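Here's the structure, in structure tokens; my notes come after.
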Ligand SMILES: [Zn+2]
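In the working numbering, the protein residues as written are 2 to 298.
Here it is in structure tokens:
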């Protein structure tokens, strides 16, 4: 089962968050019909968002990542909550040609697929107004870019790695990630060792076998003793529902709704995040239009 686990190493003053995201990433990719390179990109972003949404230990915390790269897979949207729910999609045309799977050089590098551009991170702690930081993409590997963001914008020296392993058909075999952080002035050496390891493919190699969150923590800390401070089950889950679909259609206005009802028997609204379609029959569209008109008068 997918889960996220938090631990600390008092010995070295390090904080670790790890996540096994296999089922979550697999469901996201199946819902959106993504395999191969596309699955790698979405899976890395989803796993990273899960790791990032646990900083405050608040269940209402929410993190949104928006990747704005100029590569063929450069548009990524994911959204993760402190209670372990995450969702996301790639901004690609349905008829887009699948991208070739990048060769493994240590790890499979996706930077060329994501391209150059920016990464927007929105943190909503459920208290004040959400905070948004926008940074330039460094390598397009996504985990490296977020690590850079944490180091420089949040002043939390970090090592962050997320990997997705694929099966022979390009489907998601295994996914997971680790985030190790210290405080400004804290020990750099264990972080650098982890960063170098991830860049060289050590996390990728580790995930060739099924791993528990404890094993991932052990990996992140290089075998140092640790104390587990909390765990959260993870799952792909979207917050859309029929009411939201109706609300989206309402923005068309009463006249357009009636025109739509006259034109076609039914109208479908598809959620970008989870690919669920909500279908409204012509009578429902007319009822919605009547509702809007009565609200206005
Ligand atoms: Zn949805």
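No residue lacks a Cβ here, since even glycine has one placed at the ideal position from N, Cα and C. Treat the numbers as computed from the prediction; the structure is a model and nothing was measured.
Use the C-beta contact count for residue i: other C-beta atoms within 10 angstroms, 16 or more gives buried, fewer gives exposed.
i           : result
residue 42  : buried
residue 263 : exposed
residue 33  : buried
residue 186 : exposed
residue 271 : exposed
residue 38  : buried
residue 302 : Because residue 302 is not part of the residues shown, which for the chain are 2 to 298, the question remains open.
residue 184 : exposed
residue 164 : buried
residue 268 : buried
residue 73  : buried
residue 191 : buried
residue 162 : buried
residue 242 : exposed
residue 257 : exposed
residue 198 : buried
residue 177 : buried
residue 79  : buried
Taking residue i as part of the beta strand (DSSP E), name the residues at either end of that continuous run.
i           : result
residue 213 : Neither: residue 213 is in no beta strand (DSSP E) and is coded neither H nor E.
residue 111 : Where residue 111 is concerned, there is no enclosing beta strand (DSSP E), given that its DSSP letter is neither H nor E.
residue 164 : 159 to 167
residue 228 : 228 to 234
residue 15  : 15 to 21
residue 71  : Taken as a continuous stretch (DSSP letters only), residue 71 belongs to no beta strand (DSSP E), as it is neither H nor E.
residue 267 : 267 to 271
residue 91  : 86 to 91
residue 150 : Careful: residue 150 lies outside any beta strand (DSSP E), inside the alpha helix (DSSP H) at 144 to 153.
residue 134 : 132 to 137
residue 282 : 278 to 282
residue 182 : 173 to 182
Please determine whether the Cβ atom of residue i lies at a distance below 7 Å from any heavy atom of ligand 1.
i           : result
residue 30  : no
residue 357 : This structure cannot speak to residue 357, because the chain is shown only from 2 to 298.
residue 181 : no
residue 280 : no
residue 275 : yes
residue 239 : yes
residue 51  : no
Would residue i count as contacting chain C if we go by Cβ distances under 8 Å?
i           : result
residue 290 : Note that chain C does not occur in the displayed structure, where there is just one protein chain.
Under 6 Å Cβ to Cβ from residue i, same chain only, skipping five residues before and after it: list those, please.
i           : result
residue 182 : 16, 157 and 159
residue 10  : 222, 225 and 227
residue 234 : 4 and 85
residue 108 : 202 and 205
residue 276 : 32 and 33
residue 282 : 267
residue 246 : 270 and 279
residue 255 : 290, 293 and 294
With a cut-off of 8 Å on the beta carbons, I'd call residue i and residue j a contact; round off their distance for me.
i           : j           : result
residue 112 : residue 67  : About 17 Å; that fails the 8 Å criterion.
residue 71  : residue 118 : 5 Å
residue 44  : residue 173 : 6 Å
residue 49  : residue 147 : 5 Å
residue 30  : residue 40  : 4 Å
residue 196 : residue 166 : That pair is no contact at about 20 Å.
residue 218 : residue 8   : 5 Å
Under 8 Å Cβ to Cβ from residue i, same chain only, skipping five residues before and after it: list those, please.
i           : result
residue 105 : 202 and 205
residue 150 : 120, 122, 134 and 136
residue 152 : 158 and 159
residue 115 : 42, 68, 70, 72, 74, 75, 77, 138, 141, 142 and 143
Counting along the chain, where does the alpha helix (DSSP H) carrying residue i start and finish?
i           : result
residue 251 : 243 to 251
residue 1   : No answer is possible for residue 1: it lies beyond the span of the chain, which begins at 2 and ends at 298.
Between residue i and the rest of its own chain, which residues show a CB-CB distance below 7 Å, the 5 nearest in sequence each way excluded?
i           : result
residue 249 : 270
residue 237 : 25, 28, 29, 87 and 88
residue 194 : 223
residue 289 : 247, 250, 251 and 258
Are there any heavy atoms of ligand 2 lying less than 7 Å away from the beta-carbon of residue i, as far as the coordinates show?
i           : result
residue 163 : The model on display carries ligand 1 but not ligand 2.
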